[in-house]
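Per this note's numbering, the very first residue in the sequence shown carries number 60; after that it's consecutive. Glycine residues also receive a C-beta, built at the ideal position from the N, C-alpha and C atoms. What follows is a single structure, written as structure tokens, with notes after it.
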Amino acid sequence: GLAKDQLDVIFERFRQAELTNNRRYGGTGLGLTISRSLVQMMGGEIAVESVENEGSTFRFTISYLPVSAEDADKLEEIGPEKESDYQPFKNKAVLIVEPEIMKYKYYEKLLSSSGADLMSAQTVKQWIDAIGRRKHIDVVFADALVFKDETDETIQQIKSMRAGLPLVLTIPERNEYYDRLICDSRCNKVIEGSVNFAKLCDALKRYL
């Protein structure tokens, strides 16, 4: 079981309930972070209920369509779809700023056939380096979590460097913290909650 002050920590990257757990049980502290990312990709949520020294229960929800045995047989008969020649973002440069590698892979997969030239950054420093290194970027798509441990000065630096470069920001929910971040970063578009292909394309096509 877990203490109340540990319930949020365990979902963070490279974190475990106790610093000594890594020595006692091994592991990297990435399992729950990856699980949370996968659940969020499917439009769901993951939560934990715990009583210290007794045990923990993890629950998650996802959206799905029930498939009968007959439907499953039909699906097996369908071959892979022919790749479309339609590339709505052809020759457009998109910088994806995502601290969680699993989420980046998800966005990369969504945009794989769009024709977009994708770049990646996992931290604000890498974001700044990418802007300084690349002469032309059409839009930045960033996870608000990248600002978690950054200062107001860092946000100001991003704004001054990008000089009008469109910013699409994804946030888990609307609250006072994210509302202030949205205002401070002067983002052009906000995506709240899980990101699917339709949401992503709708946000990006405004600036590509």
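For Thr116, there is no enclosing alpha helix (DSSP H); the enclosing beta strand (DSSP E) has its first and last residue at Gly114 to Thr120.
Beta-carbon to beta-carbon, Asn247 and Pro231 are separated by about 19 Å, too far to satisfy the 8 Å threshold.
Per DSSP, the unbroken alpha helix (DSSP H) holding Asp243 starts and ends at Glu235 to Ser244. Excluding its 5 nearest sequence neighbours in each direction, Leu61 has C-beta neighbours in its own chain below 8 Å: Ile69, Ala76, Val107, Ser109, Glu111 and Ser115, listed in chain order.
Inclusion of Val153 and Val205 in the CB contact set at 8 Å is not warranted, their separation being larger than that value. Residue nearest to Ala203 within the set Thr92, Arg233 and Met178 is Arg233 (criterion: CA-CA distance). Going by C-alpha positions, Ile241 is about 41 Å away from Glu113. For Phe148, the secondary structure class from DSSP, reduced to helix, strand or coil, is coil.
Cβ-Cβ separation between Val227 and Leu170: approximately 12 Å, too far for a contact (criterion under 8 Å). Cβ-Cβ distances below 7 Å link Thr120 to Gly103 and Glu104 in the same chain, with the five nearest sequence neighbours on each side left out; the list follows chain order.
Sequence-distant partners of Ile250 (beyond 5 residues in either direction) whose C-beta falls short of 8 Å from its own C-beta, in its chain, are Val227, Leu228, Thr229, Ile230, Lys258, Leu259 and Ala262. Taking a cut-off of 8 Å on C-beta distances, the stretch 208-215 does not touch the stretch 163-181, as fewer than three cross pairs fall below it. If you draw a straight line from the Cα of Val156 to the Cα of Phe117, it is about 29 Å long. DSSP places Val254 outside both helix and strand once states are collapsed to three, so it counts as coil.
A straight line joining the alpha-carbon of Met100 with that of Lys162 spans about 7 Å.
In this structure, Gln216 keeps its C-beta atom at 8 Å or more from the C-beta atom of Ile196.
Relative to Thr92, the option among Lys149, Lys151, Ile160 and Pro147 whose CA is nearest is Ile160. Bounds of any alpha helix (DSSP H) do not take in Ile196, whose DSSP letter is neither H nor E.
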